[in-house]
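As you go down the protein sequences, you meet chains A and B in turn.
Quick note: the first sequence uses the working numbering, first residue 535, plus one each step.
Quick note: the second sequence uses the working numbering, first residue 5, plus one each step.
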Amino acid sequence: IIGGKVAKMGNFPWQAFTSIYGRGGGALLGDRWILTAAHTLYPKDHDMTHNASVDVFLGHVNISDIQKLSNHPVRRVIIHPDYQQEDSNNFDADIALLELENSVTLGPNLLPICLPDSNTFYEYGHMGYVSGFGIMKNRLSDDLKFVHLPVAKRRLCEKWLRDKRRKDVFSQNMFCAGDPTLKQDSCQGDSGGVFAVREEDTDRWVATGIVSWGIGCGGGYGFYTNVFNYVDWIKKEIGEED
Amino acid sequence: TIHLPQKLFGEVTSPLYPKPYPNNLETTTVITVPTGYRVKLAFWHFDLEPSESCLYDYVKISADKKTLGRFCGQMGSPLGNPPGEKEFISQGNKMLLTFHTDFSNEENGTIMFYKGFLAYYQAVDLDECASQSNSLEESLQPRCQHLCHNYIGGYFCSCRPGYELQNDGHSCQVECSSELYTEPSGYISSLEYPQPYPADLRCNYSIRVERGLTLHLKFLEPFEIDDHQQVHCPYDQLQIYANGRNIGEFCGKQKPADLDTSSNSVDLLFFTDESGDSRGWKLHYTTEVIKCPQPKTLDQFTIIQNLQPQYQFRDYYIATCKQGYQLVEENQALLSFTAVCQDDGTWHRAMPRCKIKDCGQPQHLRNGDFNYTTTEGVNTYEARIQYYCHEPYYKMHIKDGSSESERGTYTCTAQGLWKNEKAGEKLPRCLPVCGKPVNPVEQKQR
Chain A
535 IIGGKVAKMG
545 NFPWQAFTSI
555 YGRGGGALLG
565 DRWILTAAHT
575 LYPKDHDMTH
585 NASVDVFLGH
595 VNISDIQKLS
605 NHPVRRVIIH
615 PDYQQEDSNN
625 FDADIALLEL
635 ENSVTLGPNL
645 LPICLPDSNT
655 FYEYGHMGYV
665 SGFGIMKNRL
675 SDDLKFVHLP
685 VAKRRLCEKW
695 LRDKRRKDVF
705 SQNMFCAGDP
715 TLKQDSCQGD
725 SGGVFAVREE
735 DTDRWVATGI
745 VSWGIGCGGG
755 YGFYTNVFNY
765 VDWIKKEIGE
775 ED
Chain B
5 TIHLPQKLFG
15 EVTSPLYPKP
25 YPNNLETTTV
35 ITVPTGYRVK
45 LAFWHFDLEP
55 SESCLYDYVK
65 ISADKKTLGR
75 FCGQMGSPLG
85 NPPGEKEFIS
95 QGNKMLLTFH
105 TDFSNEENGT
115 IMFYKGFLAY
125 YQAVDLDECA
135 SQSNSLEESL
145 QPRCQHLCHN
155 YIGGYFCSCR
165 PGYELQNDGH
175 SCQVECSSEL
185 YTEPSGYISS
195 LEYPQPYPAD
205 LRCNYSIRVE
215 RGLTLHLKFL
225 EPFEIDDHQQ
235 VHCPYDQLQI
245 YANGRNIGEF
255 CGKQKPADLD
265 TSSNSVDLLF
275 FTDESGDSRG
285 WKLHYTTEVI
295 KCPQPKTLDQ
305 FTIIQNLQPQ
315 YQFRDYYIAT
325 CKQGYQLVEE
335 NQALLSFTAV
345 CQDDGTWHRA
355 MPRCKIKDCG
365 QPQHLRNGDF
375 NYTTTEGVNT
385 YEARIQYYCH
395 EPYYKMHIKD
405 GSSESERGTY
415 TCTAQGLWKN
425 EKAGEKLPRC
435 LPVCGKPVNP
445 VEQKQR
């Protein structure tokens, strides 16, 4: 997290810390699913000759302490079928689910986040929080950090990419957040964490995006997977009952 | 002499009948019917020359070496001795009919013609037993020593109880070693009662009636068995066994009290010595259906279905429990209970108890718990609990139109299961509450 603040216990109780091919994040759904980015499990431009172990930690804001709370074994990894690991310029469908072997017991420091039920969260300027244990300037963070970012205008993000002569795909399943003037951003190691928005009407927190990719950190926009577009897929995979 | 073939009936006529019979004739017709029958003969037509004492023409009937009559004249005429409608019956199975005519049939110088006779005979059963009494009168040997039974064409003898018919089919000898009585009631007595019983008896009278019946014995007066004042029944004695168990030995002149044997199998052994002059004994035995005691419940929760006013052998009752209770027999739960009245008047199994159904400890609710809304820790029938979820992190999943209170209420049912009114045994679910951090991020600085 660039330009962020240190989170306190219980600020982001859904935050998961993952250690797979590197540091990553995730968010608790229900009491045994972790929503994360597919590329934390199948990174782009990576030699996949061996499968990395998937370690998931929950319930704390400090790396040492969260690891002391023990690893939550993963029963199943579900990658969205549209995700293309081999295409390094396309993070479309960068979404995955981890099913934990055992349900976790919820408490003040460990609570799930909700899924969006509306598209209005993606309107320009809608503020959200991104948290993570990722890079902070040039060093890793041992504490959970967060930034408060607005959803950016899609057109400006596209132009920003064009100006940088990038071939990266900015699909309809993504949205961008941040601002080149803010100096605030998510960064490497934050991937898989969520862009969390507080819904005013219901006073509940909703995961509208998943930290996916960006060009550098803190110098422009960050790109996030649009969770709303995948709600049906998520519900189907986690078998949500009435 | 004409011997008619042995038949059960037939006709006999005078020669040339119905034409006038010839003179100077004497024929004897021998009528024979099968043994065990008598001959009965009657005249249907009779027309013979009448004479004083039937000296000229006549018909003589004889049987059993006796003459039954000598007849002449005409039916309805005062002359001679016509037989009229009289029936002649032999004692034995043979009857002789002799027809005699003289040299002429004249009346006042006029030749008369007489047609003769037509007689009909038939075999009738001989009551050999009745003839026995006749024989007695004549000092003949009786046909049967004890009892005589007539049947058509014959008779047979039998003996009084305690005697056995001998091979001659006539005489009876004492045999009382295996007398069997199977009727539901009857009389049994010593031989010759109330006359003195014979000497040296070894009699065994067995009464065997159906299972489920019990025998009662009632002795009648007089009761008299040779006795001794100091020694108990040294001479003659009557022993009584019920189901092989000795229930008494009797002698003297005091009749035993009525006996309820509680058995369907009684044996009476009567022993006599070589002397004595006592008149013996007689009893009337009756049977009664064995009854089982009226079933009584051991608690107020047991129900006896279709309770009868009384129960006898082979009757049964079914016990059930009131709703919410369970049949228990020696700490063993039963699905059903039936008890049958046995032939000894006892129930084949004891009355069960009804124990209140216990639903056991309620199931643990994941991410929740429960409270007793009835007595704490009591899990029996009609106990009630309320499940709840650990809020605020979990919330009970409910369907439309229901409330957490309704969904979480479980009652211990009569089946011994905790059940919710709508969902049955299925436990409620405590679902995670999403998006509600207890300590959400807060930024004061603006």
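Cβ coordinates follow ideal geometry from the N, Cα and C atoms, glycine included.
| Asked | Found |
| --- | --- |
| Endpoints, the alpha helix (DSSP H) within which H236 (chain B) is located | Element bounds for H236 (chain B): n/a, residue is neither H nor E. |
| Sequence-distant residues of its chain with Cβ nearer than 6 Å to G158 (chain B) (five each side left out) | G40 |
| Contacting residues, own chain, Cβ-Cβ under 7 Å from G753 (chain A) (five flanking each side not counted) | P714 |
| For P146 (chain B) and L140 (chain B), the rounded distance between their alpha carbons | Reliability fails at L140 (chain B), whose pLDDT of 44 lies under 50, so the model's placement of it is uncertain and the value that follows must be treated cautiously. One C-alpha to the other measures close to 6 Å. |
| Identity of the residue in B:H394, B:C363, B:Y391 and B:K403 nearest Y385 (chain B) by Cα | B:C363 |
| Closest by C-alpha distance to S553 (chain A), when choosing among A:L645, A:Y758, A:K539 and A:N605 | A:N605 |
| beta-carbon I535 (chain A) near the ligand NAD non-hydrogen atom, thresh 6 Å | Within the structure as shown, the ligand NAD is missing, as the structure has no ligands at all. |
| Contact residues within the segment 421 to 443 of chain B, judged by C-beta distance below 9 Å to chain A | R433, L435, P436, V437, C438, G439, K440, P441, V442 and N443 |
| Continuous beta strand (DSSP E) assignments of at least 3 residues falling wholly in the segment 170 to 230 of chain B | 176 to 178, 183 to 185, 190 to 193, 206 to 212 and 217 to 223 |
| Cross-strand partners of I613 (chain A) (DSSP beta bridge) | A:A630 |
| Partner residues on chain A for Y397 (chain B), Cβ-Cβ distance less than 7 Å | L640, G641 and L645 |
| C-beta contact flag for I229 (chain B) and S282 (chain B) at 7 Å | yes |
| Contact the segment 653 to 669 of chain A vs the segment 548 to 562 of chain A: 3+ CB pairs below 8 Å | yes |
| Contact check, D61 (chain B) vs Q78 (chain B), beta carbons under 7 Å | no |
| Partners in chain B for W739 (chain A), counting only beta-carbon separations shorter than 9 Å | C438, G439, K440, P441 and P444 |
| Under 9 Å by beta carbon: chain A residues contacting Q367 (chain B) | Chain A residues near Q367 (chain B): none, gap ~17 Å exceeds 9 Å. |
| Endpoints, beta strand (DSSP E) assigned at H104 (chain B) | K98 to T105 |
| Stretch pair the segment 57 to 77 of chain B + the segment 99 to 106 of chain B: three plus CB contacts closer than 8 Å | yes |
| Residues near G659 (chain A) in its chain [Cβ-Cβ closer than 7 Å; skip 5 each side] | P684 and V685 |
| Any C-beta of chain B under 7 Å from that of D621 (chain A) | no |
| Identity of the residue in A:M708, A:R609, A:S675 and A:N624 nearest F655 (chain A) by Cα | A:M708 |
| DSSP state of P9 (chain B) mapped onto helix, strand, coil | coil |
| Straight-line gap, N138 (chain B) to Y239 (chain B) (C-alpha atoms, nearest Å) | Model confidence at N138 (chain B) stands at a pLDDT of 49, short of 50, so the residue's coordinates are unreliable and nothing is read from them. |
| Test item: CB-CB of L72 (chain B) and I35 (chain B) under 7 Å | no |
| DSSP-derived helix/strand/coil call for I483 (chain A) | Lying before the first or after the last residue shown, residue 483 (chain A) is absent from chain A, which here runs from 535 to 776. |
| Test: N545 (chain A) CB closer than 7 Å to a CB of chain B | yes |
| Any C-beta of chain B under 7 Å from that of G564 (chain A) | yes |
| Under 7 Å between C-beta atoms of A572 (chain A) and I647 (chain A) | no |
| K717 (chain A): contacting residues in chain B (beta-carbon distance under 7 Å) | Within chain B, no residue comes near K717 (chain A); the closest Cβ sits about 16 Å away, beyond 7 Å. |
| Other residues of its chain near C180 (chain B): CB distance less than 6 Å, five sequence neighbours each side excluded | G166 and C207 |
| Partner residues on chain B for A541 (chain A), Cβ-Cβ distance less than 9 Å | V445 |
| Boundaries of the alpha helix (DSSP H) in which V765 (chain A) is found, first to last residue | V765 to I772 |
| CB-CB length for D131 (chain B) against N97 (chain B), believed under 8 Å | Actually they do not touch by this definition, with Cβ atoms about 13 Å apart. |
| Residues that R388 (chain B) bridges to, as DSSP identifies them | B:T415 |
| Span separating the alpha-carbon of K430 (chain B) from that of L634 (chain A) | 25 Å |
| Under the three-state DSSP convention, the category V701 (chain A) falls into | Per the sequence shown, the amino acid found at residue 701 (chain A) is Lys instead of Val. It is coil, neither helix nor strand. |
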